[in-house]
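Before any comments, here is the structure.
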Amino acid sequence: MILVEIYPDSADEYRWRAKDGANGKVIADSGEGYQNISDVERMIQRVFSGETARPPAPEPVHLRITYRGMAGPSDDEQIR
Numbered sequence: 003m004i005l006v007e008i009y010p011d012s013a014d015e016y017r018w019r020a021k022d023g024a025n026g027k028v029i030a031d032s033g034e035g036y037q038n039i040s041d042v043e044r045m046i047q048r049v050f051s052g053e054t055a056r057p058p059a060p061e062p063v064h065l066r067i068t069y070r071g072m073a074g075p076s077d078d079e080q081i082r
């Protein structure tokens, strides 16, 4: 059994932590504070619902590479 506890932190936000029901040790925590208890409850549902998360759609990455103190490709060369 997993016990989930919601508690206020020193920044007046809310956090959660999950404890092993057998020994009481913390096995997971929110890692960040939430302004509203309803946001904490929603996140707990997401974490423990068993649903698999869908990764975000890939986005193209645009790089600009500069060479400092060494010879690099000329401006007319294409970097892939």
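What the sequence shown shows, in my numbering, is residues 3 to 82, in sequence order. Using N, Cα and C, we set each Cβ at its ideal position, and we do this for glycine too. Computed from a predicted model, the values in this text were never measured in an experiment.
Start-to-end residues for the alpha helix (DSSP H) that takes in residue i
i, result
"residue 46", "39–50"
Option nearest residue i by Cα separation, candidates the options
i, options, result
"residue 29", "37, 61, 18 and 35", "18"
"residue 9", "71, 38 and 72", "38"
"residue 16", "24, 61, 36 and 27", "36"
"residue 31", "14, 62 and 49", "49"
N-terminal and C-terminal residue of the beta strand (DSSP E) that residue i is part of
i, result
"residue 7", "4–10"
"residue 29", "28–31"
Three-state secondary structure assigned by DSSP to residue i
i, result
"residue 16", "strand"
"residue 21", "strand"
"residue 36", "strand"
Anticipated Cβ contact below 8 Å, residue i with residue j, distance rounded
i, j, result
"residue 21", "residue 7", "7 Å"
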